[in-house]
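Encoded as structure tokens, the structure appears first; notes follow it.
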């Protein structure tokens, strides 16, 4: 570690370069600290993942074991084929499917509508623009709980309870997306757009052909954040989806927990079904995700 | 935009036509937001406000609900469970917001170096924030068991999710105080266990924001400081913290909004128990509105929701002023 760090002494301050010996001690200490904290952060996932392969007796054993004595996959099989008499077929694949398509619909709609509005706020001059933008930021301060329950009243009047409409329509366009993408569009050099605009591309053409392609990192960061948000959303689907067939994975899991209160291994498998897709998605895109925030406006200026 | 303002000034009439066209395009681009938010955000808020003054139940089958004035608000303020839930939320807010903000800053500073493989560590350390709060709750449900990993690791024997004992009690007893009001006895052991879980998962979320901000701090500030002899903790105190102030404001405000609305963990793990020490305002609003265990009362829930919103807005305004005025590191 210390040797490889020597090849890239970028972060070392001038003071450290003068004292390489102490710099190595510093680097070693930092690596140790990072390794320890990472282990700590990742431990719940590791323990749970290993736990899914244990028997019911072993998962409750005390003192607890870390690695299963005998690796068993029947917990995974049992959860995968979880069903209830009221509904035909397996529920878990259905919940996975529901969560996935709902998150995709949310993300695609938000990418389009938020970027469109954000472009207008960043680049087009119209009366009341700043006032409306301020109102959007203010609306983010309103606790979601306030409109959630009355939303229930409203949606039930529309006949939307136990449908996906309350989970799609109000989320077609979200304030955080407008805010984040507008910050990014502001940083695109104006000259690029002006040339296109003068060439007769028009407003929509400039947005679509110039601004959007230039903001791929910001759009991707936003898309991942929103996918994660939709996938993990709990309260809204809990309120609006009642039939087990329609549930998303997070709600299904809590429903599942009440059906199988004492079946810990099954609960852990369910948790893994929910966490693993997000962990994989995050590992694949982490480069854009972490590096992307700094120029997308999330830094809070 | 720029094309119509900065560029060569065309004749007056043409310019105003252009401007009008620009404005129209702008409104067209934001029309989806205006329609959606007009109905589902601002429209709903107005509707909530209206029903909080009526006697609407959650069955929705009745004729137009009767207007009852401030009755729901007065009832909410006198409702013992609502007070209990607000006390719980208050402790949650104070403890969680403090630890998650400080933890996130320290973690971000540690991760803001160019060590080899730092991206790998950033990914690992971010991972607790990836899973949903429900999943984290289910995992901790297992870890927190009486005969679980946490008791084993700590060498304790505590029913973490079923212990209503207050954590400040032992401290108070040292000072000879035996039966103070519940508020001063602090959160219960179960509530504290849920706080620890929440801090664990939110530190990485906010760490990302601090990390992004740290990467924007110009390096020459540190160079100048090191010439003056300020390195390490001193540089952190005199440069890093003041430069992070806008993000600290953002994180504290987001943290406040989040902690006062805590729901998932209490819903999944404890359902408000033991002895209502994990009853949260949103859980109570949910239960009252939908009539879990009682008759459904949408109006009463709406009134409590508005009181909660007022408290959150008030606290965030105070925080904002305080943080922006505080001379961090000076």
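Residue numbers (my numbering), protein chains in the order written: chain A, 1 to 301; chain B, 302 to 631. Glycine residues also receive a C-beta, built at the ideal position from the N, C-alpha and C atoms.
Beta-carbon of residue 205/A versus every beta-carbon of chain B: anything under 8 angstroms? If you number the first chain from 1, residue 205/A lands on position 205. No, residue 205/A lies away from the interface with chain B (no Cβ there is under 8 angstroms from its Cβ).
Could you run through the region 118-140 of chain A and flag, in chain order, every residue whose CB is less than 8 angstroms away from some CB of chain B? 119, 120, 121, 123, 124, 125, 126, 127, 129, 132, 136 and 139
Would you check if the distance between the CB atom of residue 578/B and the CB atom of residue 432/B is smaller than 8 angstroms? Walking along the second chain from the start, residue 578/B turns up at place 277. Walking along the second chain from the start, residue 432/B turns up at place 131. Their beta carbons are not under 8 angstroms apart, which means residue 578/B does not touch residue 432/B by this criterion.
Leaving out the 5 sequence neighbours to the left and right, which residues in its chain are closer than 7 angstroms to residue 512/B when beta-carbon positions are compared? Locating residue 512/B in the second chain gives position 211, where the first residue counts as 1. Counting only Cβ-Cβ distances below 7 angstroms, and skipping sequence neighbours, we find 409, 412 and 413.
Backbone CA spacing between residue 203/A and residue 622/B [nearest angstrom]: To locate residue 203/A, count along the first chain from 1; it is residue 203. To locate residue 622/B, count along the second chain from 1; it is residue 321. Rounded to whole angstroms, residue 203/A to residue 622/B spans 40 angstroms at the Cα level.
For a contact meaning CB atoms closer than 7 angstroms, what does residue 42/A contact in chain B? Taking the first chain and counting its residues from 1, one reaches residue 42/A at position 42. The contacting residues are 425 and 428.
Rounded straight-line distance, which links the Cα of residue 485/B to that of residue 391/B: Numbered from 1 along the second chain, position 90 holds the residue referred to as residue 391/B. Numbered from 1 along the second chain, position 184 holds the residue referred to as residue 485/B. Roughly 12 angstroms separates the two Cα atoms.
Bridge partner(s) assigned by DSSP for residue 368/B: For the purposes of this step, residue 368/B is identified with residue 67 of the second chain, where counting begins at 1. 355/B, per the DSSP bridge assignment.
Is it true that the region 78-95 of chain A meets the region 207-216 of chain A, where meeting means three or more beta-carbon pairs spaced less than 8 angstroms apart? no
For residue 495/B, which residues in the same chain have their Cβ closer than 6 angstroms to its Cβ, ignoring the five residues on either side in sequence? Within the second chain, numbered from 1, the residue matching residue 495/B stands at position 194. 566.
Are the C-beta of residue 274/A and some C-beta of chain B separated by less than 8 angstroms? Within the first chain, residue 274/A is the residue found at index 274, counting from 1. For residue 274/A, the answer is yes, since a Cβ of chain B falls inside 8 angstroms of its Cβ.
Return helix, strand or coil for residue 433/B, following the three-state DSSP convention. By one-based count along the second chain, residue 433/B stands at place 132. Residue state, collapsed to three classes: coil.
Euclidean distance between Cα positions of residue 416/B and residue 611/B: As a first step, residue 416/B must be located in the second chain, where it is residue number 115. As a first step, residue 611/B must be located in the second chain, where it is residue number 310. Each residue's alpha carbon lies about 46 angstroms from the other.
Starting from residue 489/B, follow its DSSP beta bridges and name the residues at the other end. Taking the second chain and counting its residues from 1, the one referred to as residue 489/B is at position 188. BP columns for residue 489/B point to 467/B.
Assign residue 391/B to one of three DSSP states: helix, strand, or coil. Sequence index remark: in the second chain, residue 391/B carries index 90 (1-based). Helix, per DSSP.
DSSP on residue 623/B, reduced to helix/strand/coil? Locating residue 623/B in the second chain gives position 322, counting from the first residue. If DSSP states are grouped into helix, strand and coil, residue 623/B belongs with the helices.
Helix, strand or coil at residue 243/A according to DSSP, with G and I counted as helix: The residue you call residue 243/A lines up with position 243 of the first chain. In the structure shown, residue 243/A sits in coil (DSSP, three-state: anything other than H, G, I, E or B).
Proximity to residue 272/A [Cα-Cα], best of 105/A, 79/A and 31/A: Residue mapping note: residue 272/A aligns to position 272 of the first chain, counting from 1. When only C-alpha atoms are compared, the closest one is 79/A.
Ordered list of alpha helix (DSSP H) runs contained in the region 141-186 of chain A, each at least 4 residues: 144-158, 165-168 and 175-186
Give the residues from the region 556-582 of chain B that approach chain A closer than 9 angstroms (Cβ to any Cβ), ordered along the chain. 558, 561, 562, 564, 565, 568, 569 and 582
Please give the ranges of any beta strand (DSSP E) in the region 195-258 of chain A, keeping only runs that are unbroken, at least 3 residues long and fully inside the region. none
According to DSSP, is residue 477/B helix, strand or coil? As a first step, residue 477/B must be located in the second chain, where it is residue number 176. Coil.
Where does residue 31/A fall in DSSP's three states? Looking up residue 31/A in the first chain gives position 31. Here residue 31/A sits in helix by DSSP.
Residues of the region 176-193 of chain A with a CB closer than 7 angstroms to any CB of chain B: list them in chain order, please. 178 and 190
Per-residue DSSP class, three states only, for residue 88/A: Against the first chain, residue 88/A aligns to sequence position 88. Here residue 88/A sits in coil by DSSP.
Relative to the C-alpha of residue 427/B, which candidate in 107/A, 133/A, 34/A and 188/A has its C-alpha closest? Taking the second chain and counting its residues from 1, the one referred to as residue 427/B is at position 126. Comparing Cα-Cα distances from residue 427/B to each of 107/A, 133/A, 34/A and 188/A, the minimum goes to 34/A.
CB contact below 8 angstroms: residue 346/B versus chain A: As a working note, residue 346/B is residue 45 in the second chain. Cβ-Cβ to chain A under 8 angstroms: yes for residue 346/B.
CB contact check: residue 28/A to chain B, cutoff 8 angstroms: As a first step, residue 28/A must be located in the first chain, where it is residue number 28. False, the Cβ-Cβ gap to chain B never drops below 8 angstroms.
Report the CB separation of residue 356/B from residue 366/B in whole angstroms; it is logged as a contact under 8 angstroms. On the second chain, residue 356/B is found 55 positions in, with the first residue counted as 1. On the second chain, residue 366/B is found 65 positions in, with the first residue counted as 1. Contact flag correct, Cβ pair sits at about 5 angstroms.
Identify which residue in 581/B, 352/B, 478/B and 467/B has its Cα closest to the Cα of residue 368/B. Position 67 of the second chain, counted from the first residue, corresponds to residue 368/B. It is 352/B whose Cα lies nearest to the Cα of residue 368/B.
Please confirm whether residue 201/A and residue 109/A have their CB atoms less than 8 angstroms apart. Sequence index remark: in the first chain, residue 201/A carries index 201 (1-based). Sequence index remark: in the first chain, residue 109/A carries index 109 (1-based). Against a cut-off of 8 angstroms, the Cβ pair of residue 109/A and residue 201/A comes out as no contact.
Against chain B, with Cβ distances strictly below 8 angstroms, would residue 299/A count as a contact? Position 299 of the first chain, counting from 1, holds the residue named residue 299/A. Only weak support is given to the placement of residue 299/A: the predicted model assigns it a pLDDT of 40, under 50, and the question is left unresolved by the model.
On the DSSP letters alone, give me the boundaries of the alpha helix (DSSP H) that residue 568/B sits inside. Here residue 568/B refers to the residue found at position 267 of the second chain. Counting along the chain, residue 568/B falls outside any alpha helix (DSSP H), and DSSP gives it neither H nor E.
Report yes if the C-beta distance between residue 461/B and residue 264/A is below 8 angstroms; otherwise report no. Here the question's residue 461/B lines up with position 160 in the second chain. Here the question's residue 264/A lines up with position 264 in the first chain. No. Outside cutoff.
Pull out every residue of the region 254-272 of chain A whose Cβ sits closer than 8 angstroms to any Cβ of chain B, in chain order. 254, 257, 264, 267, 268, 270 and 271
Among 332/B, 533/B and 571/B, the one whose alpha carbon lies nearest that of residue 491/B: The sequence position of residue 491/B within the second chain is 190, counting from 1. Among 332/B, 533/B and 571/B, the Cα nearest to that of residue 491/B is on 571/B.
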